[in-house]
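Protein chains in written order, with this note's numbering: chain A, 342 to 813; chain B, 342 to 813; chain C, 342 to 813. We treat Cβ as the ideally placed atom computed from N, Cα and C, and that holds for glycine.
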Amino acid sequence: MSKIVLPADRYFGPDAAQKKVAQQLYAIVQDLPLICPHGHVDPRMFADEHYDFGTPTDLLIIPDHYVFRMLYSQGVPLESLGVPRWDGGATETDHRKIWQAFADNYYLFRGTPSGQWLAYELKVVFGVEDKLNGENAQAVYDHITECLTKPEYRPRQMFEDFNIEVLCTTDAATDSLEYHQQICDSGWCGVVRPTFRPDAVVNMDTEGWRENIDALSAASGIDVVDYKSFIAALEDRRTYFKEMAATATDHAVLTPYTEELPEGEANAIFTRALRGDVTEKEIKRFTGHMLLEMARMSIEDGLVMQVHAGSYRNHNQSVFAKFGRDKGSDIPIPSEFTRNLQPLLAKYGNDPRLTLILFTLDETTYARELAPLAGHYPALRLGPPWWFHDSINGIARYFDQVIETAGLYNTVGFNDDTRAFPSIPARHDLWRRAASNWIAGLVVRGMVDEEDAAAMVEDASYRLAKSAYKLG
Amino acid sequence: MSKIVLPADRYFGPDAAQKKVAQQLYAIVQDLPLICPHGHVDPRMFADEHYDFGTPTDLLIIPDHYVFRMLYSQGVPLESLGVPRWDGGATETDHRKIWQAFADNYYLFRGTPSGQWLAYELKVVFGVEDKLNGENAQAVYDHITECLTKPEYRPRQMFEDFNIEVLCTTDAATDSLEYHQQICDSGWCGVVRPTFRPDAVVNMDTEGWRENIDALSAASGIDVVDYKSFIAALEDRRTYFKEMAATATDHAVLTPYTEELPEGEANAIFTRALRGDVTEKEIKRFTGHMLLEMARMSIEDGLVMQVHAGSYRNHNQSVFAKFGRDKGSDIPIPSEFTRNLQPLLAKYGNDPRLTLILFTLDETTYARELAPLAGHYPALRLGPPWWFHDSINGIARYFDQVIETAGLYNTVGFNDDTRAFPSIPARHDLWRRAASNWIAGLVVRGMVDEEDAAAMVEDASYRLAKSAYKLG
Amino acid sequence: MSKIVLPADRYFGPDAAQKKVAQQLYAIVQDLPLICPHGHVDPRMFADEHYDFGTPTDLLIIPDHYVFRMLYSQGVPLESLGVPRWDGGATETDHRKIWQAFADNYYLFRGTPSGQWLAYELKVVFGVEDKLNGENAQAVYDHITECLTKPEYRPRQMFEDFNIEVLCTTDAATDSLEYHQQICDSGWCGVVRPTFRPDAVVNMDTEGWRENIDALSAASGIDVVDYKSFIAALEDRRTYFKEMAATATDHAVLTPYTEELPEGEANAIFTRALRGDVTEKEIKRFTGHMLLEMARMSIEDGLVMQVHAGSYRNHNQSVFAKFGRDKGSDIPIPSEFTRNLQPLLAKYGNDPRLTLILFTLDETTYARELAPLAGHYPALRLGPPWWFHDSINGIARYFDQVIETAGLYNTVGFNDDTRAFPSIPARHDLWRRAASNWIAGLVVRGMVDEEDAAAMVEDASYRLAKSAYKLG
């Protein structure tokens, strides 16, 4: 029976000279604590010290759109994978059967980052030795089920075993942060910080936007009836998030379009939107205006600002209708930053009090726009390769295309950006190995010396994330 | 005198460890039959068992726009290369003189895929040992001329010697498929299937579109007078192609724009077009609508649907005026798939009965749009690197940018897509070596084991093409 | 104390087999004279045989926007780096203090081309052994100051020591070329040729355009009052540049849009522009029209035409307001060539008397548009990787993405394109090593033989630049 391969020199290039340097560099960072400044782990799992992950299927398949999108692409219905339906329809409830379908199709993940992460999770996190397939599916299921009963597989213990120094969640502007409060109150030593993500109240085309505004009124205690009260409510929530240890905000936008609206115009759009009477173009302009407002607030309150641009959400309308958001059908679009960000950068880009971290799904913008922008504007930094690009080739392309022009020091290290908690160490491991390998490539080509290389790998693996997100 | 280099380890990376694995993988697929599911070889050459290729110049230069475009780019007039003129003007008729010009400029192909294919054809197919140059040009010409008199250089024999399992041609909707019928009737064992390509009747801006519609009426026996009869005629022709062993259709579009038109609107545009009264925008909308119609028909009749998007045809107007289509001046444009394909995918993308294979000339869409789309929609598959990108670097970029997100199993192996019949084994050889090398890179980095690697290389070289195109 | 690393095998890949070939190829071109067909070195420095570079800070920091943009991006104010202010405001005048800030932040250049060039300049040009840092900053400053007093650090001597065969400057259409005349008159053997760059009179949105037109009248002796006299004045200046040994022109455009205007329309726009009454769209159309006019003139007078497209100039408005042009905030935008250049190529692209050399900041156009265009049109050639892409990875991407389709012989070798005179040998050295390494990659993969490889590296390093720019 085939074993899971996960050799000690994995992800390093095969050249002996480069690999030797890569291993030396990796040894420096291998055991550093993990900085997790951006992700989607549910804070609830740390609020309750006895939190139970459920079945292996609950943990590894049902919530992971990286996994089920690939199975779906080959004709496996989402219903049969137990993905919960928004419309109340039936889905498969036999978790062993779902696991079997996953195992039968495990070959689909060959050569993919999901395949790499799963191999790590199965072998390192759960101690599975055999490569998953249709025959051993149930035995592996039994093994993981057994693991999940043990104390070392409680989330808090895993957090500590993973050596996580800090983990930031992503939370709606209207979130009570009750689980963060419970974590805080519990006396547990793990650091879990919230992140302020106001998309659901800022992006007027969000489903349920009007109700979200009401929730914002309730959360802030400020009756949101116009633009001014909206801004006040947002400022109030930012203050609360900051009190709750947030150091950053996050903003998802279809395009990074920015435009400063006169307050009167912003108010006119906002109040029309409250009445449900707003055009697509107005929504775009308002969102672009709000990016400027968020930059202004960040300068005032010191929260680091993240922008994730370029994902066309819910591209598959029938999947959305049945299963809702985040079901594997968000597809990137071409992005443009140079002209779109110009208004924001003209106003705030030279202000060293602002840290604006950009993420893209359009790799063509790395060398063409983002690296030149970040290599000039004091306020700008570049986030790590995002989503589809958080992979061994994606990371290599990022380093190759960003660093020469932006420099390493206008980047912010790594984000695991995951909702799959057990994949966190796998993702950081891949990043640290890929960074070691890439920097080793500079060393063997005589471009940096070993002293600089050692500093760079530690910066890329630990220090830059910590300092850029003010987690020090 | 310099010899043609074509070492046994060609196209593999130089690293010894990776090369060893690559060679092991290549050994698995080296002798597998060739699956040729998409190309432009003329079926006439297999209809007549005594078919004569003519001179070396007839075979290797005059019909090959990869070859003469490069010579033209350096100032060699197309007339002097014997490229036939559409306008009836004179061209060089001395084939030895044309061959001499080719040989004198052979250095232009250094480091190009054409250079690789030519080296293989000269050495492996024709047994030429010396590197072509101005001095040995006539001797090489004599040698190939001699070859072409022999029985083993008849197309059917070459087809068998090349180990072609199946070869699909590309044929107009109005084609009688008489040569396919003759091949069938001849009792020869070679499998040559037609492919239904209705561009000349669907794309209203094709030169001669109105006459093509008449030809469609004649071919189908359905008088095409409106949209409804047009659709009926297309369905009729598809049925005929299917009876003649076609398994696929092919559609060339400037952009992958799709839009479903109400039948009334489709009919209004079509009938205006019959009168020659149609705007560019209407043409675009109608073409986009017809992609949906073709998807519908594919679901009904089971023909695999191919879309080749993004080539600006006949960019050089004066070359077009003198020499007509396919003369080396088709130039790629930027393409967008996420928004353009959304209407078609919303309607048919979740239907597992549809296989829609996409090709692009815009490599930026690989990782940004195509891999995420194919990694989600059950109906979608990605075709191999097309045209300018069917090269050693193009293939490497394709694997690097597609597989991580789409997975290997949402791709369809290789298409040689050539009208240059003797280049077919060279092209498959390059693909199989490049695939072996790329998969070996996964092995030496510990990302897949040898068992998976062996399966992957066989899938990429043989099985995926066969199954995706229903050629099994 | 750490030493500057600059090993003899720098920039070559680590694989032993490939490196051996790369070194053999590099040995062929290492000592060839430098052809510098495009750049921004100030001719004044060669006009006066006693020209003094000033302090190390004057030479290496203040004029080099590659250097100060990186420092600025990390919060070092341009004022504190001595960058002269346009608005008359104060800047740091203590050059030792500026040097110290540079040295303190020298780590920012790790892994960047600026870092590579600086290492070469410090070690090879100035004999500095120790890696620059905050501690040794003043000692290094002293060392370079000492150097700069010596005769071997006069520009003419450096020009000869750098083994420059020819250096082309870039000069406004209105330039008197007095320094070129002085060089000529001086009897010094160095070849310094001007290049005709009429952007300031052609691009109507240039600040001071109206005054530039007056300067054009003065320089040409033709009173520019309408389109016809404008064209006559430009032709007059081209004649003068040609008499002064120019072989080329250069044109910077935001987009490569081209359109032929009827003379009446061109004249209407031009005369309105003289009155300050012109729209953005008219400016774009006029610029696009002038590209055709410049191509026509090039066909008539034989000057090679260069087009640099895609830089959004002065993106940072507040930096522009304080410091003026060329201060590190020019940011690339996406470019499109296939459709934009079609009108120009339709008219002049088939004319072998024209050499049109294209440069891009959008690498996505390499394989998608530029290589196919250059691999077809006789008039087209591709310039080397420009600006941000003149780096080890940028060069590798260029070769990988351009050569397969365009062929090496539709490229024009290297441009250093620098205003930093002491960086010239560093830049050519990097190019020659990167070219050697890339061609060695073809050799070890069996794609070209050693004979062809030797020819290719010499072409890429020397011959192509010389012949394309008619510098032979």
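{"Asked": "Between the CA atoms of M411 of chain C and A431 of chain C - distance to the nearest angstrom", "Found": "21 Å"}
{"Asked": "Stretch-stretch touch, CB-based, cutoff 8 Å, three pairs: the region 711-729 of chain A with the region 403-419 of chain C", "Found": "yes"}
{"Asked": "Proximity of K668 of chain C and L489 of chain C at Cβ, strictly below 8 Å", "Found": "no"}
{"Asked": "Which listed residue (C:A720, C:G690 and C:W727) has its alpha carbon closest to that of T706 of chain C", "Found": "C:W727"}
{"Asked": "Contact check, G423 of chain C vs I403 of chain C, beta carbons under 8 Å", "Found": "yes"}
{"Asked": "Range of the contiguous beta strand (DSSP E) that encloses C509 of chain A", "Found": "I505 to C509"}
{"Asked": "Extent of the continuous beta strand (DSSP E) run through V301 of chain C", "Found": "A query on residue 301 of chain C cannot be resolved here, the shown segment of chain C reaching from 342 to 813 and no further."}
{"Asked": "Contact set between G782 of chain A and chain B, taken where Cβ atoms lie within less than 7 Å", "Found": "None at all; the shortest Cβ gap to chain B is about 13 Å."}
{"Asked": "D428 of chain C beta carbon less than 8 Å from that of A662 of chain C", "Found": "yes"}
{"Asked": "Any chain A beta carbon closer than 8 Å to V785 of chain B", "Found": "yes"}
{"Asked": "Closer than 8 Å to chain C by CB, V645 of chain A", "Found": "no"}
{"Asked": "Helix, strand or coil at D405 of chain A [DSSP, three-state]", "Found": "coil"}
{"Asked": "Chain A contacts made by the region 713-735 of chain B, where a contact means CB separation under 7 Å", "Found": "P713, L714, A715, G716, H717, Y718 and P719"}
{"Asked": "Spatial neighbours of T599 of chain C in its chain, beta-carbon cut-off 7 Å, leaving aside the 5 residues before and after", "Found": "G629, L632, L633, N681, L682, P684 and L685"}
{"Asked": "F537 of chain C, DSSP secondary structure in three states", "Found": "strand"}
{"Asked": "For F661 of chain A, the first and last residue of its enclosing alpha helix (DSSP H)", "Found": "Q658 to F664"}
{"Asked": "Which of helix, strand or coil DSSP assigns to R722 of chain A", "Found": "strand"}
{"Asked": "Nearest residue (CA-CA) to L595 of chain B, options B:T453, B:F700 and B:D731", "Found": "B:F700"}
{"Asked": "Cutoff 8 Å: H303 of chain A Cβ touching any chain B Cβ", "Found": "Since the first residue shown for chain A is 342 and the last is 813, residue 303 of chain A is missing from the structure and cannot be characterised."}
{"Asked": "Own chain partners of V532 of chain B with C-beta closer than 6 Å, once the 5 adjacent residues on each side are dropped", "Found": "V507"}
{"Asked": "S732 of chain C versus L749 of chain C - alpha carbon distance", "Found": "19 Å"}
{"Asked": "Runs of alpha helix (DSSP H) wholly within the region 551-608 of chain A (minimum 4 residues, chain order)", "Found": "568-584"}
{"Asked": "Closest residue to F582 of chain A among A:R351, A:R694 and A:D642 (Cα-Cα distance)", "Found": "A:D642"}
{"Asked": "Range covered by the beta strand (DSSP E) that runs through A708 of chain C", "Found": "From DSSP, A708 of chain C is part of no beta strand (DSSP E); its letter is neither H nor E."}
{"Asked": "Pick from B:R786, B:A809 and B:F500 that is closest to R351 of chain A, judged by C-alpha positions", "Found": "B:R786"}
{"Asked": "Buried or exposed by the 16-neighbour rule on C-beta atoms within 10 Å, applied to D591 of chain A", "Found": "buried"}
{"Asked": "8 Å Cβ cut-off: residues of chain C touching M797 of chain A", "Found": "R451 and G452"}
{"Asked": "Span separating the alpha-carbon of E487 of chain A from that of V469 of chain A", "Found": "12 Å"}
{"Asked": "Sub-8 Å separation of F387 of chain A and F500 of chain A beta-carbons", "Found": "yes"}
{"Asked": "Cutoff 7 Å; reference C377 of chain C; Cβ partners in own chain excluding five residues on either side", "Found": "I505, V507, L508, C509, D757 and I765"}
{"Asked": "Any C-beta of chain A under 8 Å from that of L595 of chain C", "Found": "no"}
{"Asked": "Assigned exposure category for K472 of chain B - 16 Cβ within 10 Å defines buried", "Found": "buried"}
{"Asked": "Length of the line joining the Cα atoms of Q364 of chain A and A781 of chain A", "Found": "9 Å"}
{"Asked": "Selection from A:M545, A:G549, A:N608 and A:A587 that minimises the alpha carbon distance to A573 of chain A", "Found": "A:N608"}
{"Asked": "Entirely enclosed alpha helix (DSSP H) segments - the region 397-459 of chain A, minimum 4 residues", "Found": "397-401, 406-414 and 436-445"}
{"Asked": "Beta-carbon separation (whole angstroms), Y810 of chain A vs T580 of chain A, contact threshold 8 Å", "Found": "No, Y810 of chain A and T580 of chain A are not in contact; Cβ-Cβ is about 19 Å, not under 8 Å."}
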